[in-house]
Amino acid sequence: MFLIGLFCSSFASGEEMINKALVIVNESIITQADLDQQMSIARLEFNASGRAPPPDSVLSSQVLEEMIVDNLLLDVAQRFGISTTNSQVNYALSVIAKQNQLNGAQFKALIEENGVRFENYRMDLRRQLTIRQLVNNRIGRTINISSQEINDYLLQNPYEIDEQDDKFELAQILISIPANATEETLLALEKTANEIYQSLMGGLSFDDAIKSYLPGEGERQNAFLGLRSRSQLPQIFIDALDNVEIGGVSEVFKSPRGWHILKLIDVQQAGVSMVLQRQVRHILLRQTDLLRKEQIRSRLERIRDRILAGEDFGSVARLQSEDPSSRALGGSLGWIDAGQLPVEFEQTLDALALNEVSLIFETGAGLHIAQVMGRREIDIGENLRRLEAEQVLRGRKTDEALEQWSQSLREDAYVEYRTPLLSE
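So, in structure tokens, the structure goes:
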């Protein structure tokens, strides 16, 4: 998961044990400090998913191998000029925080309470996003899924897609764990959570419990989670809702944030699927070996200035865009479901008002400007089931191709274990 730079070979004596070289990967070095840092992130991910991590001896071997492979993939990304911007990292952090029902400050505190420096977490996320761009650029575009494959998948898995579409309207009472909480404090908080649950079982309404036990206005507002799809919920929430009927409450359960009680307000069954669509057009300039990125960006800035000065976007796109599938259509991509475009594209579209011309942004295809001409919500029903089936199949094929590519890179790389135990 890490791209490790070449470290200086001389350290102070106290740092030699911490930063001793474990593995040389081509021209890079993975040190003990790097492994320790990544182990902390791995434990955090296990805790967040509600799973127990394996013993450290097993986990360290798994993490170290992932670091070696990620190092090689990031080296390839660097050669192709693929990188991740600060805005992309910030957007990904905001999405992860939102999925965990946290604001930015709360999410940062949670990361650090679990023994991971937030800057290290951010650095690792940047690397993972870069690898994802590389995979999309070099593998994703080669993956094809036929209609027959989708038909076969839906026939063999008639309920799997529908279940993923279920949406839950939820409220929660969260007894948060403060920073540096003592064992005595933790026991008292757990006791409070269990007392609330017993009061609910005794007839206290959930709304009254929220008012009584969540004193802050912000806490009371955050108690209502709204409508969340199954895929948006942590697995620990899904497990807690098992066998809970509409109007019922879950038992008390613990996460890294504290003790939770959920109320299942309603369930929106699969079948009616409202999705956001945008009517989008864009102009793409592809990167070439002959022109530097700065030259391409400068050209696209001049194109954007012409449109802002009054030229028709579609007319300019027909003359200037290098996207063969949309150029003749004036750059039109038609109505596109939210989530179907690369994350950089989605992030840009999210921020645009209708008919506003975007700033220049970059995807694996090249440099773009875009315009949202319309927005609508529609029920796509069966189309959504087929689309999600395609995404499952595409994900499987991509994972298989990535595994083969990673293995090939690993076999061709120079990898030297400096600690004998790790090479056994």
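When you read off a place in the sequence shown, starting at 1, and then add 335, the result is the number in our numbering. Every residue, glycine too, gets a C-beta built ideally from N, C-alpha and C.
*asked:* Just list the residues that DSSP pairs residue 510 with in beta bridges.
replied: Taking the sequence shown and counting its residues from 1, the one referred to as residue 510 is at position 175. 594, per the DSSP bridge assignment.
*Got a sec? Which residues, its chain only, sit under 6 Å from residue 756 by beta carbon, not counting five neighbours each side?*
Here the question's residue 756 lines up with position 421 in the sequence shown. Reliability fails at residue 756, whose pLDDT of 44 lies under 50, so the model's placement of it is uncertain and the value that follows must be treated cautiously. Around residue 756: no qualifying Cβ.
*Looking at the unbroken alpha helix (DSSP H) that takes in residue 751, where does it start and where does it end?*
Within the sequence shown, the letter at position 416 stands for residue 751. Per DSSP, residue 751 belongs to no alpha helix (DSSP H); it is in the beta strand (DSSP E), 750-752.
*asked:* Let me make sure I understand the geometry here. Which of 717, 734, 583 has the alpha-carbon closest to that of residue 537?
replied: Against the sequence shown, residue 537 aligns to sequence position 202. Out of 717, 734, 583, 583 has the C-alpha closest to the C-alpha of residue 537.
*asked:* Three or more C-beta pairs under 8 Å: does that hold for the stretch 629-645 against the stretch 437-456?
replied: no
_For residue 416, the nearest candidate out of 473, 453, 651 (CA to CA)_ = Along the sequence shown, one-based indexing puts residue 416 at 81. That would be 473, whose Cα lies nearest to the Cα of residue 416.
*If we ignore side chains and look at the alpha-carbon of each, how far apart do residue 763 and residue 527 end up?*
There is no way to answer for residue 763, as the model of the chain reaches only from 336 to 759.
*Answer with buried or exposed for residue 548, where buried requires no fewer than 16 other C-beta atoms within 10 angstroms of its C-beta.*
In the sequence shown, the residue the question calls residue 548 occupies position 213. With 16 or more other Cβ atoms within 10 Å, it is buried.
_Cβ-based burial, residue 562 [other Cβ within 10 Å; buried from 16]_ = Looking up residue 562 in the sequence shown gives position 227. Result: exposed.
_I'd like to know whether the C-beta atoms of residue 657 and residue 620 end up nearer to each other than 7 Å._
Here residue 657 refers to the residue found at position 322 of the sequence shown. Here residue 620 refers to the residue found at position 285 of the sequence shown. Yes, the Cβ-Cβ distance between residue 657 and residue 620 is below 7 Å.
*Could you say which of 690, 412, 729 lies nearest to residue 767 if we only look at CA atoms?*
Residue numbering for the chain in the displayed model covers 336 to 759; residue 767 lies beyond these limits and cannot be assessed.
*Compute the Euclidean distance between the alpha carbons of residue 383 and residue 564, then round it to the nearest angstrom.*
The residue given as residue 383 occupies position 48 in the sequence shown. The residue given as residue 564 occupies position 229 in the sequence shown. One C-alpha to the other measures close to 18 Å.
*According to the Cβ coordinates, are residue 641 and residue 707 closer than 7 Å?*
Start at 1 with the first residue of the sequence shown, and residue 641 comes out as number 306. Start at 1 with the first residue of the sequence shown, and residue 707 comes out as number 372. No. Outside cutoff.
*Would you kindly work out how many angstroms separate the C-alpha atoms of residue 525 and residue 513, rounded to a whole number?*
Locating residue 525 in the sequence shown gives position 190, counting from the first residue. Locating residue 513 in the sequence shown gives position 178, counting from the first residue. Using only the alpha carbons, I get a separation of about 13 Å.
*Report the rounded CA-to-CA distance for residue 424 versus residue 601, giving the unit in angstroms.*
As a position in the sequence shown, residue 424 is number 89, starting the count at 1. As a position in the sequence shown, residue 601 is number 266, starting the count at 1. Computed Cα separation, rounded: 34 Å.
*Buried or exposed: which applies to residue 622, given that a residue is buried once 16 or more other Cβ atoms fall within 10 Å of its Cβ?*
Counting from 1 along the sequence shown, the entry for residue 622 is found at position 287. Residue 622 comes out buried.
*Own chain residues within Cβ distance below 6 Å of residue 590, not counting five before or after*: The residue you call residue 590 lines up with position 255 of the sequence shown. The answer, listed in chain order, is 571.
*Run the CB neighbour count on residue 532, radius 10 Å, all protein chains shown included, and call it buried at 16 or more, exposed below.*
For the purposes of this step, residue 532 is taken as residue 197 along the sequence shown, with counting starting at 1. Buried is the call here.
_Let me check one thing: in DSSP terms, what residues is residue 707 bridge-paired to?_
Locating residue 707 in the sequence shown gives position 372, counting from the first residue. Partner(s): 615.
*Taking just the CA atoms, how far does residue 421 sit from residue 346?*
Taking the first residue of the sequence shown as 1, we reach residue 346 at position 11. Taking the first residue of the sequence shown as 1, we reach residue 421 at position 86. Low confidence applies here, because residue 346 scores a pLDDT of 31, under 50, leaving its location unreliable and the question unanswered by this model.
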